[in-house]
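Asker: For what it's worth, the numbering used here labels the leading residue of the sequence shown as 2, then goes sequentially.
Cβ coordinates follow ideal geometry from the N, Cα and C atoms, glycine included.
Model, not experiment: these values are computed from the prediction.
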Amino acid sequence: MEFKKNLLADLENVSKSEGYLIFHENKANELWKRAIDYRNAAKSEWGKLKLFKKEDIEAFNPVELKSLSVDTGILAYQEYKAACQIADKMNQLQKQVKLRGYMALSLHISNGTLEPQLYALSAIYLQLQNSDKVTPHELSEAKKIFDKVKGGDSNENPLKLYTEFKPKRNSDNAMTVIKTIDQVIPYIEKKKAQHLISNDIAKICSELMLKPDRTLVRYKASEEEILKAKNRAFKYKVAGAFSFGVTLPTAGLYIYESLTTIGSGVVVYAGPILILLTSIALHSGIAMVKKGANLLKEPKIREKLNEIMDAELKAYDERKFQQFFDELSKEYEKGISLIKLEKPDDIINPKFIIATLISHGFRSDGIAYLLNLIGEAMCSGNISVEGRTKKELMTLAKTVFKGVLNEKLIEEAKKLDGRIHELRKKYRGSYLSYAKSTFDKISDFILFKEYTDLAEEHKSDAQEMPFQARLEEMSNIAKINLAILDILDAGLEEISRAIKTIKEVQNSIKYNYQYIGMAKLRLEVLEDLLWVIGGYEWPEELLEPEFKQITYPVEKIQDVEDENDEYLRYLTEKLQHVSLDKEKINLYTQFAVHYEKMAETKDKFDKLSSLSHWQAAQNNYKEALVIDSRNQDLYLGYANCLLRMSKYTQVTELSKINIALDSLPDYWRLLSIAYCKQTNYKQANECINEALSLDPKNILAGNQKKFLEKFMSKNKIENLIDRYVNEKKNINYKVKNSFSNESPAYNILSIDGGGIRGILPTLLLSEIECRTHKPISCLFNMIAGTSTGGIIAAGLSAPWFDIVYEAVVVSTIVDDTQPIYVPKLIYDYSRPRFLASDLLNIYKNEAENLFSKKWKWDIFNIQMMKVKYTDHGRSKLFNEKFKETRLDKVLTELVIPAANESNLTQTHLFTRHNAHGGIHLNNPASEAYSEAIKYKVDEKKISVLSLGTGSYIPDPFSPEKYRGQLFWAQNIHNSIMSALEGNTDRQMYTKLGNRYQRCQFWFENPIRLDDLNSIPYLLEMGYQYIEELDCSDENPINKLVESFY
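#1: So T950 packs on G755, CB below 8 angstroms; how close in whole Å?
#2: So S778 and V945 are supposed to be a Cβ contact under 8 angstroms. How far apart are they, rounded?
#3: Return yes when the Cβ of M783 is within less than 7 angstroms of the Cβ of A929, no when it is not.
#4: Using alpha carbons as the reference points, say which of G74, H422, Y997 lies closest to S664.
#5: Where does V401 fall in DSSP's three states?
#6: Could you give the residue range of the alpha helix (DSSP H) that holds Q86?
#7: Can you tell me where the beta strand (DSSP E) with Y997 in it begins and where it stops?
#8: Are at least three pairs of beta-carbons, each pair with one atom in the stretch 25 to 42 and one in the stretch 52 to 64, less than 8 angstroms apart?
#9: According to DSSP, which residues form a beta bridge with V805?
#10: How many Å lie between A143 and E80 at the Cα?
#11: State buried or exposed for E849, treating a residue as buried only when at least 16 other CB atoms are found within 10 Å of its CB.
#12: With distances taken between CB atoms, is the gap from L569 to L588 smaller than 7 angstroms?
#13: Report back the beta-carbon spacing between L780 and N733 to the nearest angstrom; my notes put them in contact at under 8 angstroms.
#14: What's the C-alpha gap between K399 and L483?
#15: Find the nearest neighbour of E403 within the set E319, Y370, A799, L841, judged by alpha-carbon distance.
#16: Could you spell out the range, first to last residue, of the beta strand (DSSP E) harbouring S751?
#17: Taking Cβ to Cβ, would you say S132 is nearer than 7 angstroms to G74?
#18: What's the gap between the Cα of A356 and the Cα of I368?
#19: DSSP three-state call for I792: helix, strand or coil?
#20: Report yes if the C-beta distance between Y844 and I760 is below 7 angstroms; otherwise report no.
#21: Check whether the stretch 929 to 942 and the stretch 789 to 797 touch, using three or more Cβ-Cβ pairs below 8 angstroms as the test.
#22: Can the beta-carbon of M466 be found closer than 7 angstroms to that of D366?
#23: Can you tell me whether L493 is buried or exposed? The criterion is at least 16 other CB atoms within 10 Å of its CB, across all chains shown.
#24: Helix, strand or coil for S338? Go by DSSP, reduced to three states.
#25: If you follow the beta strand (DSSP E) that M783 is in, where does it begin and where does it stop?
#26: Let's see if you can read the secondary structure: which residues bound the alpha helix (DSSP H) around G423?
#27: Do you know how far the Cα of K415 is from the Cα of K427?
#28: Could you pull the start and end residues of the beta strand (DSSP E) that V896 belongs to?
#29: When burial is assigned at 16 or more other CB atoms within 10 Å of the CB, is T390 buried or exposed?
#30: Might you give, ordered along the chain, the residues of its own chain that have their beta carbon closer than 6 angstroms to the beta carbon of I478, omitting 5 neighbours on each side?
#31: Considering only the beta carbon of each residue, do K151 and Q118 sit closer than 7 angstroms?
#32: Helix, strand or coil for E597? Go by DSSP, reduced to three states.
#33: Between the C-alpha atoms of L1019 and S330, what's the straight-line distance to the nearest angstrom?
#34: Take Y1026 and list the residues in its own chain whose beta-carbon comes closer than 8 angstroms to its own, dropping the five residues that flank it on each side.
#35: Can you round the beta-carbon distance between K698 and Y512 to whole angstroms, since I take them to be within the 8 angstroms contact cut?
#36: Check Y734 in the structure and name its three-state DSSP category.
Given below as structure tokens:
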């Protein structure tokens, strides 16, 4: 009975595994077909499409199609790999071989080179190990895949003896075929074939050796340090020569005077003393000249080593490995060279190379780079050493690769990072501009001090990544190459060692932030090769536990609705009955954490309440800090609250209060975010590098570093806008916007008022158009806008028009038939007048016309002049852009709260009364929703995207106090605005739930409606917001784009 249960359980597991295998394989097949379709479409081979129709993807340009093909090919590879892992466990040989072939092809169309070849070879190797179960046809098919991914001639068949076999035509019996196969593939022939495959694998593995990236390292001694050393030596020699020049004449004069005085019979006591002092000065001068000469030896050695480095790298780049070793064997000092590899008993000593180069000012990452090159060159098969076999050279290469892992290199990298850390603490990231005082310079000159400052190139490099991270990259390369060499040896001990080495690299990649992406595919293919050659499966005990984020310890955290909940009452009551400081701190911390959770819960639908909760959390951290001002965890919580309330400057100044924060990687991460929000990307990058230097395993810091990399280029905004402009040609205007009772959704776009800040929603809408390849007017059934939002709404809804001139006969005294030509608008309702990117450029380049002013002198007033806003520039711009277009011509339902809808056919899109009205309805989402309900739209079909233009609320408990600073007029009724601002989101979310999406921006300082100088900052903030949405787990912008298909 027990046996039957076990059998049934096994059958159930097999059934599940087969189901998973089929699932992954089918998904991979679908992705593969998509990838091929994208590939064919990129070459305009539309007739070869299998899944798509031409009209489905013709909007994409060839570059985009090629990129889609590559990305989809990698996805297909991942699915085939998942299916292959199941097939391996089930020992389904045909599936194992077939799936490896597909993995090779998927990587091949994704621009892979060596990895596809190894997968194809591993499939053939697997077949040879099971030759009694494989037909020659199957092996021939696997060989074709290898030829395909290799890009070689299929006639060059390394398995010719094996694949040329053809069964007899009359051999229909399966046993006959099997016996025939056994006859054609005897043991010796199978071994020959396996040997040929092993040679191919060995050849590719030598090519597969990871090449270190030279741009990551400094492989030469610092030229700045060499120059400083030369200057110091020169000063000693000059000082010594000066002693000679002054002392010798002086000494001769006094000797002459002494002799004259003695000759006259006068006893002089000062003469001998002066002669003694003169001799001492002469001795010191000689010593200084000698020291100068000795000091000059060091920069000369460094210069010679630099020359050797340049020469050996030139040989390496030209793949002249024998010359590479010849250059390294040259003497940098009389009788001394880095390596000697001429006689059979010569060895390469990595420890000597490391110690020598460190003593002469070389950086550890540069030394590790050199050792990697030496190891790679020794494995190339293109060098010869008298009395040494290739096998012995491979063994020597392993020794060199192991030298990269030397502890001395790690210590030096740590020292250099430590010096950078001290500079960052002292100068808060501005150490690049730091210069010594005049007194320090004079002091250094007089005392002939040794140059101890960090070279500028080291400071500059530290801005990009820590020195330990550079060294770790070199170490991982060495480890992968060691694993490759062990796999080639294929002994039990070597395979076991390779397994351990690969796991070390995997853990390094998984748990430490990778400044430079390691070749994960290369690791995966090595794992597969290990499985094929050694039948290896990764043991679970080698897997390290996942890194966990630290959280504050609290007794309990409840889900809450508002500040009056039971848990807060419980904490309040408990606080009243405790007296110990430790207990009070714990309770204040629980208050703070609880408010933080409430803030995060309400952030989506009630931002004002969310900010109030962050403020409450901050206040509780502050109370706890009054009791314990040195508690770093409390400071981190306090800093996080400041950050969430957009108080970035206060975050950067916290370390002045508690200098111990400088030792916390999480504080440096928060600093980086604060500087990023202030668009100080250089300093933000410095701070995040410091965070990762202190804790390479900090996942949040790693995410922030990846996020920051998007903003480091100088022309990012220009490139972004250029992308929008270039994408205009791919916009599909054929899609029509219509709604009926059968339509599944009714989409509303709502845009706030905010003057020049309208550039923010236009940027976000440009991104949506770019991703969907559709105009906004085709994506939304209704567009609503207030003030500047009304301008945008009308611009997106207005139809395209051409101007033609019609002849009109006007009666005149001279000629009754004299015509005049009157302009007439001919509308094209298939496309809008403006895309979002067009409006973005208007805000960016013509903002002065939108928000023009005039100056009025008031002699009899205390204030002699004041700004008055005028419609002149706006009216001129609107007339130019919209002409006589009326509300009844628009492509979507249009809601502008200040518009006069009594006569749509007579009301122009922009008149004086509706261009800047409706301030009290700054977010018109609720108004638009009400209009849709009036139109009998089913509430369940309504979705609203509400775009804000930025808000400034430094005190969430008194939001109305500062709202006027965001608008022109100072006499606007603040209580009305703040109430509506706080209520609209709450009301809409209550009605629609997740079908209401609000995008809002938060400022540290107010930006007025007409602040044209803020345009660059607003563009940066908008770009950051888009990237934040993309980087979030939910990725709402992609979900939004998908909802339009």
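Answerer: Let me spell this out:
#1: 3 angstroms
#2: Not a contact, Cβ separation roughly 17 angstroms.
#3: yes
#4: H422
#5: V401: helix per DSSP, three-state reduction.
#6: 63 to 91 is the extent of the alpha helix (DSSP H) around Q86.
#7: 997 to 1000
#8: yes
#9: K825
#10: Rounded to whole angstroms, A143 to E80 spans 20 angstroms at the Cα level.
#11: Classified as exposed, E849 has fewer than 16 neighbouring CB atoms from the shown chains inside 10 Å of its CB.
#12: no
#13: Not quite, the Cβ-Cβ distance comes to about 11 angstroms (not below 8 angstroms), so this is no contact.
#14: Using only the alpha carbons, I get a separation of about 6 angstroms.
#15: It is worth fixing the name first, because residue 403 is Lys in this sequence and not Glu. Ranking the options by Cα distance to K403, first place goes to Y370.
#16: 747 to 752
#17: no
#18: 10 angstroms
#19: helix
#20: yes
#21: no
#22: no
#23: exposed
#24: strand
#25: 783 to 786
#26: Correcting the residue type first, residue 423 is Glu in the shown sequence and not Gly. Per DSSP, E423 belongs to the alpha helix (DSSP H) from 408 to 428.
#27: 18 angstroms
#28: 894 to 896
#29: Around the beta carbon of T390, fewer than 16 other beta carbons sit within 10 angstroms, so the residue counts as exposed.
#30: L211, P213, N373
#31: Contact flag set, yes.
#32: helix
#33: 58 angstroms
#34: L761, L765, C1000, F1002
#35: 5 angstroms
#36: coil
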